[in-house]
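Written out below as structure tokens is the structure these notes cover.
Numbering (our numbering), first residue to last: 87 to 219.
As structure tokens, then:
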């Protein structure tokens, strides 16, 4: 399993990386150029635009609560390819309008690995790795 590191600069107010999402049957792949890592989100969410491009099969419906209130939406089962090259298989994700982001990486993925922020000489460094299983 790999580890990736991102230098966020000195005044980081968000953690954004790229991630790939792959359909359940592995026939289609899309790249999220702006995937925000959000410890305040319990679920991973893909933008309506990314869902439209990926065209995954609908898995179900679910509810979540966010800063905008209660939300009911469609869910999809996808594979998530992290910047390390590691793949999280069969991940249930929600669809929602995300504004400037392609995806939100929520606690359902974050809690599977080692999430680390470090301040070194005024630079904020973010790293994430999945443990060896």
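All residues carry an ideal CB built from backbone N, CA and C; glycine is no exception.
query	result
Spatial distance of residue 94 from residue 210 (CA atoms)	5 Å
Those residues which DSSP pairs with residue 106 across a bridge	117 and 167
Residue 211, DSSP secondary structure in three states	strand
Whole-angstrom distance between residue 116 and residue 106, CA atom to CA atom	6 Å
Element boundaries [alpha helix (DSSP H), containing residue 96]	Run containing residue 96: none; DSSP gives neither H nor E here.
Residue range of the unbroken beta strand (DSSP E) whose run includes residue 204	200-206
Separation of residue 172 from residue 197, as counted between CA atoms	15 Å
Residue 138, DSSP secondary structure in three states	helix
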